[in-house]
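With this note's numbering applied, the sequence shown corresponds to residues 142 to 468, in that order.
To keep things clear, I will list the structure first and then write my remarks on it.
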Amino acid sequence: MNNKVGTLVLLFISQTYLSQAQATKSQFYFTGLGRAVVTSNQLGGNLTTGDTLSPKRGVSGYALFDLQPNLTLNDDLKANAILRMRNPFGSFFGDKTYFEFRQFQIIGRIRKIVEYEIGDIYLGNMSKYTMFLPDEMYNRYEADVFKMRRSLPDYENFIIGNMWRQQGVKTNSRFGFNKYIKEVGINTFGVRTNPTNETNIPDRVLAGFRSDVKQSDYFWAGFNYVGMLDIPIDRATINYTNHVTTGEAKLTLNKETFFAEWSGELGSSSYRFVQVLDDSTVSYKDFFYETGIKGSYKPAKILLFANLRNVGPQFSSPSAQTMRLNI
């Protein structure tokens, strides 16, 4: 809908953007979710015989409502937030009812080239050795009653597929070319995984960079970097750094009757952890490589593949799960 935004815009942006929204066609609308959950528990068995202190039955639950105001100033700037009200059953006159901000996001574009997100963001997969979350939710054939129950923790924990939800900033940009190279992509992100206590525990941040080049439909190459490190402070008792750098490439041949592909990735990691109080340092470096080929004969629907992988015992990548047998 088209309207003048008014004072509610102050929930998201400054008065400068408010003036811009009133001068252009903007959108301001609400979405939301509400639910009520009741849980009944009953305790029984031999251990309860003679037990006069433990309650044998209990009923609990809550009512919840999330209100999400959404603001679209134009195609280059959007914002949203989630306001939550939660009231437990058994409370009277608003007792133990609380209100909180559950989410805040700003999404925009700069000159239609760089897309960015600030606030609560989702981090996708880079590569299996830099940032990767295997999708292990084996629930394709679950009953509807279990799917409904699982939707509660999924929603509460912001679980969408196998993406990571963090707080920080990320950017995405892609550039097209006419000769020699079809497309170049650049993605960056920075999030804080642990806050400082302003005395002896430093901020811990996770930052990454990915650049990929699509030369043609036959060749693709990429470069990845992910680093987790502590921001130094004067009285810090620990100092932690972990850097991972990898390169990957892919050759593809896709014809009418057959398909063939070669892919490979190699890289290294550097780990260092310093305990200031006892003046101890643990550090190590290691590497990995992986290469594989696969092919198929389409008329017969035959697929063949082979893979070679070597991951060093001290290769360390905190944002990837690389020591699994099948990933």
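Where is the CB? At the ideal position from N, CA and C, for every residue including glycine.
Only a predicted model underlies this, so the values are computations on that prediction, with no experimental measurement involved.
Here the alpha carbons of residue 233 and residue 176 stand approximately 19 Å from one another.
C-alpha of residue 394 to C-alpha of residue 435: approximately 11 Å in a straight line. If you check the CB distance, residue 249 and residue 208 do not come in under 8 Å. Here the alpha carbons of residue 371 and residue 416 stand approximately 13 Å from one another.
For residue 298, the three-state secondary structure derived from DSSP is coil.
Contact between residue 271 and residue 387 is confirmed by a C-beta separation of about 6 Å, below the 8 Å threshold. Per DSSP, reduced to three states, the secondary structure at residue 371 is strand. Per DSSP, residue 250 is one residue of the beta strand (DSSP E) stretching across 239-251. For a cut-off of 8 Å, the C-beta gap from residue 456 to residue 414 is around 16 Å, too long to register as a contact. Around the beta carbon of residue 343, 16 or more other beta carbons lie within 10 angstroms, which makes this residue buried. The stretch 437-447 makes contact with the stretch 395-411; the number of CB pairs closer than 8 Å reaches 3 or more. Annotated as distal: residue 261 and residue 225, with beta-carbon spacing of 8 Å or more. Under a 10 Å Cβ-count criterion, residue 174 is classified as exposed, with fewer than 16 other Cβ atoms of the shown protein chains found around its own Cβ.
Here the stretch 373-389 makes contact with the stretch 335-349; the two share three or more CB pairs at distances below 8 Å. Counting C-beta atoms within 10 angstroms of its own C-beta, residue 351 has 16 or more neighbours from the protein chains shown and is therefore classed as buried. Secondary structure at residue 226: strand, using DSSP grouped into helix, strand and coil.
Residue 337 sits away from residue 312, with the two beta carbons spaced by 8 Å or more.
With a 10 Å radius around the Cβ and a threshold of 16 neighbouring Cβ atoms, residue 178 comes out exposed. Counting only the Cα atoms, residue 391 lies some 26 Å from residue 254. Taking the Cα positions, residue 460 is about 7 Å away from residue 273.
DSSP places residue 270 outside any beta strand (DSSP E), giving it a letter other than H or E.
Around the CB of residue 241, fewer than 16 other CB atoms lie within 10 Å, so the residue is classed as exposed. The beta-carbon separation of residue 367 and residue 325, rounded to 20 Å, does not stay under the 8 Å limit for a contact. Separation of residue 258 and residue 385 (C-alpha to C-alpha, rounded to the nearest whole angstrom) is 24 Å. Spatial neighbours of residue 411 in its own chain (CB-CB distance under 6 Å, excluding positions within 5 residues in sequence) are listed in chain order as 384, 426.
Under the DSSP definition of a beta bridge, residue 444 partners with 437.
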